[in-house]
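These notes concern the structure reproduced below.
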Amino acid sequence: DLDNDDTKMMNSQHRRRNPSKRLYAKQTNRDQNTNFKAKRRNRKIYFFSLILAALLILLLVRNRILVWIEDSSYRISSSSSLSLLTSHIKPRLRFDWTNLPIQSEAAIFFRQHQNNCTLPLAQIPFRNRFGLGSDLHVWTQAVCNAASLGYRVEATDPWIWLDPTVCSSNYTDAIGCYFAKATAPASCSSSSRIDQPPIVWKARQGYNCEEIMPKKYNVSDFRAGGIEFLFSSVSPAIVEEAERLLPKVFPPDGIVPPNLITVQIRRGDKLVEDKSLKKLSIQTFIDSVRKLANPHLPIHVFLATEDKGAMEEFQQNAPSDWTIHLDPYHTELKALKDSIVTSDQNFSHSKGNNYNENPRLSVATKGKSGLISLASMLISMEANSYVLTTTSNWSRLMNELRKTIVEDNCGVDCRTRVIDLKPGEW
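The sequence shown runs 1373 to 1798 under the working numbering.
Laid out in structure tokens, this is it:
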């Protein structure tokens, strides 16, 4: 015990005699703690920097990744193996055109007005000498005119665009076969029919339609609302025709490429009506496609035109690596169109039909061209990008459907784009 006490005393004396060693030991411990904390902080900074760098790299290559994914999905969808798997599956349009929701305020007006069974019916006789797009826009004006007089609208026969193989004589409204909602609902009694219904025309003069358009709705929104209303209930026969044509337009299996661009070129008699369209060269349309196209993906163009010359010129001048999908209106009716004779004796409505070739063709095909035209319109709406000239009624129809039905139904992240080379409005 004495030895232990002596040892403790000596150690105590030694510590008192060497304070620098004690301070050195404390300083060493502090330095070690500081170094440990610094290393731990550096490790955190290092790992944080790695995470930040990874995020920056992901942001930088995000577009490349998306392009690769889209390109991969395109290649997969176009592969022969998928064709074998889907050969027994009928191609489908992306929307159910027979029953689409009505969403715009103007379209709701058309639905409420045409379904108001307390209103008597006025009539609109089609002149059967202008294009199908023109007739549909005239119908929207007739609804406005009739509304100003306190009437609903019923289109009367004959309408040269009706195909009798799908449209029976049971329809009281001429366009009711193609557009179900245009016709008076079944709940309306026949009491709304009067012996001598007034005739409403396309003219704006003589009606108080201004209270509805443009005061309540501007012209563009009103026309688009009327077209949305009509195309929200397209006849199943038109949808079936469009889906029958899909494999012909997009061979071999009718799968629509995700990067499709619709180009509508209107020539024919429109060049007489609007001479400024002659200044729009085919190269202008091709350059517009380039602006809309994703440069990292194959370019697919649905060429919507009834003009054989425009179709051939576009094919000749477009880059060789583009895929051009032709309008079935031209391909399906080519034989009839090439053999058509424009003398008056071949047409029951000869006087006016010299103005527009398409009505003459519809008369010659007994309405078949009307059915194919509307099927072609539904196919053109498979695209999200468009090159148009809205001085043409057909281009304007496309733009109206783009703004209403396509924009509202193509998906959460979907957006449509359009280049209008010749804006117009009626």
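Note that the Cβ used here is the ideal one computed from N, Cα and C, for glycine as well. Since the structure is predicted, the reported quantities are computational estimates derived from the model, not experimental observations.
From what residue to what residue does the beta strand (DSSP E) around residue i run?
| i | result |
| --- | --- |
| D1679 | Looking at the DSSP string, D1679 is not in any beta strand (DSSP E), and its letter there is neither H nor E. |
| T1695 | 1695-1698 |
| V1635 | 1632-1636 |
| L1746 | From DSSP, L1746 is part of no beta strand (DSSP E) but of the alpha helix (DSSP H) over 1740-1752. |
| Q1495 | 1493-1497 |
| L1760 | 1757-1760 |
| R1789 | 1789-1792 |
Go to residue i, then tell me how far its alpha helix (DSSP H) extends in each direction, as first and last residue.
| i | result |
| --- | --- |
| T1528 | Here T1528 belongs to no alpha helix (DSSP H); instead the beta strand (DSSP E) covers 1524-1528. |
| H1668 | Unbroken run through H1668: none, as it is neither H nor E. |
| D1507 | 1504-1521 |
| V1606 | Element bounds for V1606: n/a, residue is neither H nor E. |
| P1731 | 1729-1736 |
| I1480 | 1477-1486 |
| R1466 | No alpha helix (DSSP H) holds R1466; DSSP gives it neither H nor E. |
| N1765 | 1765-1773 |
What do you reckon, are the CB atoms on residue i and residue j nearer than 8 Å?
| i | j | result |
| --- | --- | --- |
| A1799 | T1528 | Given that the chain is displayed from residue 1373 to residue 1798, the structure contains no residue 1799 and the question cannot be resolved. |
| F1482 | G1626 | no |
| L1664 | L1465 | no |
| S1476 | T1776 | yes |
| V1628 | T1470 | no |
| K1553 | S1605 | yes |
| V1735 | M1753 | no |
| N1500 | I1532 | yes |
| I1744 | E1613 | yes |
Whole-angstrom Cβ separation of residue i and residue j, contact assumed at under 8 Å?
| i | j | result |
| --- | --- | --- |
| E1800 | S1506 | With the chain running from 1373 to 1798 in the structure shown, residue 1800 is simply not present. |
| V1635 | V1759 | 4 Å |
| L1675 | H1697 | 7 Å |
| P1624 | P1463 | The pair is not a contact, with the Cβ atoms about 10 Å apart (cut-off 8 Å). |
| N1781 | L1472 | 7 Å |
| T1737 | L1708 | 6 Å |
| I1599 | L1746 | Actually they do not touch by this definition, with Cβ atoms about 12 Å apart. |
When you measure from the CB of residue i to every non-hydrogen atom of the ligand SAM, does any distance come out below 7 Å?
| i | result |
| --- | --- |
| P1691 | Absence of the ligand SAM from the depicted structure is noted, as is the absence of any ligand whatsoever, leaving it without description. |
CB-CB under 6 Å to residue i, same chain, minus the five flanking residues each way: which ones, in chain order?
| i | result |
| --- | --- |
| K1794 | T1761, T1763 |
| K1740 | D1535 |
| R1768 | T1762 |
| A1478 | Y1589, D1593, F1594, G1597 |
| V1538 | A1609 |
| K1651 | none |
| E1704 | I1744 |
| N1666 | N1631 |
| K1416 | none |
| D1792 | L1760, T1762 |
Report the residue from the options whose alpha carbon sits nearest the alpha carbon of residue i.
| i | options | result |
| --- | --- | --- |
| R1638 | M1683, L1632, T1737 | M1683 |
| S1653 | A1676, N1689, K1663 | N1689 |
| A1556 | Q1484, R1768, Y1758, L1422 | Q1484 |
| V1621 | S1607, P1700, Y1543 | P1700 |
| N1631 | A1552, K1706, P1670, W1469 | P1670 |
| N1771 | Y1550, P1623, H1509 | H1509 |
| S1607 | C1560, G1548, P1623, I1599 | G1548 |
| W1766 | V1778, S1748, S1757 | S1748 |
| G1783 | K1416, F1467, L1428, N1414 | F1467 |
| G1503 | E1779, R1774, L1773, G1742 | G1742 |
| C1489 | Y1543, P1497, C1560 | C1560 |
| P1731 | L1428, F1498, N1487 | F1498 |
| K1706 | E1685, P1691, G1681 | G1681 |
| S1692 | I1658, K1587, T1544 | I1658 |
| Q1495 | W1511, I1480, N1487 | W1511 |
| R1662 | S1757, L1617, H1702 | S1757 |
Return the chain-ordered list of same chain residues with a C-beta closer than 8 Å to the C-beta of residue i, the five sequence neighbours on each side being excluded.
| i | result |
| --- | --- |
| D1785 | none |
| L1491 | H1485, G1522, Y1523, R1524, S1564 |
| R1413 | none |
| L1424 | none |
| F1551 | L1602, F1603, S1605, V1606, S1607 |
| Q1655 | N1689 |
| S1540 | C1549 |
Report all residues from its chain with a CB closer than 7 Å to the CB of residue i; omit the five preceding and five following residues, and keep chain order.
| i | result |
| --- | --- |
| A1755 | L1632, I1633, T1634, F1674 |
| Y1418 | none |
| W1694 | I1671, V1673 |
| E1583 | S1520 |
| I1474 | I1480, R1483, E1600, F1601, S1604 |
| N1487 | P1557 |
| Q1687 | I1696 |
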